[in-house]
Amino acid sequence: MKGLKTDFDAIVVGSGPGGATVAKDLTLKGKKVLILEWGDNDPKKGTFFSTVPRAFIPGKSVVMTKQALPVVRAITTGGSSVIFCGTAFAPPIDMFKSYGVDISVEAEEMKADVPMAPLPDELMNAGPRAFYESAGDLGYDVHKLNKFIYPSKCKTKCQLCMYGCPYGAKWDARHFVNQALENGARIITHAKVERVLIENKKAVGVEYKHNKEIYRAYAPKIIVAAGGIGSPLILRQSGIRSAGYDFFFDPLVFVYGKIKGLGNGKAIPMSSGVHFEEDGIVMTDFNLPRMMKIGFDLEILKLKQAFEYADVLPIMIKVKDELAGEVTNNGWVKKNLTKADKQKLDKGSEHAKRILINAGATDIYRSWKVAAHPGGTVKIGELLDTNLKTKFDNLYVCDCSVMPQEWGLPPTTSIIALGKRLAKHLLAADQVTQKKDPAVVAAEQTPIEESMEAPLATAVN
Ligand SMILES: Cc1cc2nc3c(=O)[nH]c(=O)nc-3n(C[C@H](O)[C@H](O)[C@H](O)COP(=O)(O)OP(=O)(O)OC[C@H]3O[C@@H](n4cnc5c(N)ncnc54)[C@H](O)[C@@H]3O)c2cc1C
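Numbering (the numbering used here), first residue to last: 674 to 1134.
This is the structure:
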């Protein structure tokens, strides 16, 4: 075993929206941060084949439930935001407040950090326009959605958001990681954290695998941000056994229709949508990259449809599923959709069908189910206090796993706001520590120094 003897102020595990936000905001205030990331940090090429190793490896980035429902995430620097659709739904401020967590200030402040506005009309291709107009025509409360997109860099008739935007047009958490690195943070990629080191009920460091060797790194603050599946596994290995139960994953389906003459099937997904808040259903346009559509069609043996693309209008139905299930110790998910979850998917699909028929679509069919927002596995109010601290001092969690209840929305704005709030809390707590009697501080830090391993790690990217 090798040790990484350092003077880091904090170790951030995982570099998705949660981890990247905390790392950026801490380094902005001069803190020294080590980011440990399981995935790569190779350039985004915007191709299907470069996305496969990040997002389509069974047992790693895709895990299947017993009902054959795939749950997808990306294992790479920037986390799932590298392949996300860049839709920025406003955080449910009142819901968080009801758990004692006020992110209203941070939700405003983040607007200075990320682009968040609807796409200009010229970036809405024929499919999304047809959805928007047909839904409006039928009286649905359809709105253009805010996007994490810099319009000046974005391309019309493009569908590469989910392959990792190669133009820098879609914001993803790598933007924050890069800012953190510019501010002096250090990242070790291909570093899979296995557990947090706890001494005297305090977190003092982490143990991780890198190039088949086990390393230890130490810092006075540990922030686990390995996502809805990754974080509970690390916590369980660290003595928080009840992490990873009763979670959501926001199941979704696509409903497709063929509209003669619609033209080019390439379009930025989720330009506009309808939120049926009381029903827990979100409905949006959703042009998929061609290879992904082929995959979804072949899954349900729609062989003819698999090769139809240009004239197809896909609509996504995403629902707020009931909390249930378990993340298994090997990182798979055990969770069955309930009757109520299935009814929501059916109800949403009926809305989509109406919109397609009204738009003149024929050959309407529905995809198999998939899920892309695993969360609620380390809930605020159960395993975390309102400052996202675990039962162990110095150990925090900040990612989609902290959501305190059922979800059903694109979560990234909320995760960023929580990350900003946590960074402020850590900085404020640090100031209090600095004002303490130096003898007390020294005594508190002794066990950490004593437990450091030698020799120093050298294999750092
Ligand atoms: C296809 C798709 C489309 C989506 N579209 C949207 C959208 O339009 N809008 C929206 O708001 N959300 C969207 N989401 C969801 C959004 O991307 C995620 O909710 C968000 O990225 C979660 O952030 P996170 O910080 O919780 O975790 P993640 O993004 O999952 O990041 C976790 C990080 O931890 C790393 N990691 C995991 N385990 C370990 C370990 N043991 N050691 C070290 N590192 C580890 C991972 O590699 C990853 O980098 C989408 C998701 C997908 C898959």
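Note that beta-carbon positions come from the ideal geometry of N, C-alpha and C, so glycine has one too.
Annotation: H863 is outside any alpha helix (DSSP H) and is labelled neither H nor E by DSSP. For A808, the uninterrupted alpha helix (DSSP H) segment begins and ends at A799 to D810. Per the coordinates, the alpha-carbon of V1000 lies some 25 Å from the alpha-carbon of R889. Between K1017 and G953, the C-beta spacing is below 8 Å. Shown here, Y772 sits in coil according to DSSP, grouped into three states, outside any helix or strand. Looking at the DSSP output, D1066 bridges to K875.
Counting along the chain, R847 sits inside the alpha helix (DSSP H) bounded by residues A846 to E855. With a cutoff of 7 Å, E995 does not count as near ligand 1, since its C-beta is closer than that to no heavy atom of the ligand. Residue pairing for S945: DSSP places it in a beta bridge opposite K817. Between K1008 and T738, the CB-CB gap stays under 8 Å. Scanning its chain for C-beta atoms nearer than 7 Å, with the 5 sequence neighbours on each side dropped, one finds around E795 the residues T829, in chain order. For E782, there is no enclosing beta strand (DSSP E); the residue is found in the alpha helix (DSSP H) stretching over S777 to E782. With fewer than 16 other CB atoms across the displayed protein chains lying within 10 angstroms of its CB, Y840 is exposed.
If you check the CB distance, A1025 and I988 come in under 8 Å. About 5 Å separates the beta carbons of R868 and E880, which is inside the 8 Å limit, making them a contact pair. The beta carbon of I756 sits closer than 7 Å to at least one heavy atom of ligand 1. Looking from the CA of A693, the closest CA among A899, G968 and V955 belongs to A899. In summary, Q832 is buried, with 16 or more beta-carbon neighbours lying within 10 Å of its beta-carbon over all protein chains present. Excluding sequence positions up to five before and after P924, its CB lies within less than 8 Å of the CB of L742, K991, V992, D994, L1010, D1014, L1018, K1042, V1043 and A1044, all in the same chain and listed in chain order.
Restricted to the stretch 902–927, not a single alpha helix (DSSP H) segment is unbroken, complete and at least 4 residues in length. With respect to the C-alpha of E1055, the residue from D682, D1036, A808 and V1075 having the closest C-alpha is V1075. Beyond the five residues adjoining it in sequence on each side, K843 comes within less than 7 Å, by CB distance, of G759, F821, I822 and C834 in the same chain, given in chain order.
In the three-state DSSP reduction, A1096 falls in the helix class (H, G or I). Boundaries of the beta strand (DSSP E) harbouring L986: V985 to V992, taken from the DSSP string.
Inter-residue distance for A916 and I1030 is about 45 Å (C-alpha atoms, whole angstroms). Looking from the CA of Y1069, the closest CA among I967, L709, V897 and R802 belongs to V897.
Closest in alpha carbon position to L854, among G1049, A683, V1051 and L707, is L707.
By the CB criterion at 8 Å, P801 and A983 fall outside the cutoff.
Three or more Cβ pairs closer than 8 Å define a contact, and the stretch 705–725 meets that threshold against the stretch 861–875. Between D1058 and G901, the C-beta gap is not smaller than 8 Å, which leaves the two residues out of contact. Counting only runs of at least 4 residues, the stretch 951–1014 fully encloses the following alpha helix (DSSP H) elements, listed from N- to C-terminal order: 963–972 and 976–979. Shown here for A1096: same chain residues with a beta carbon closer than 6 Å to its own, the five before and five after excluded, namely V695, D698 and L699 in chain order.
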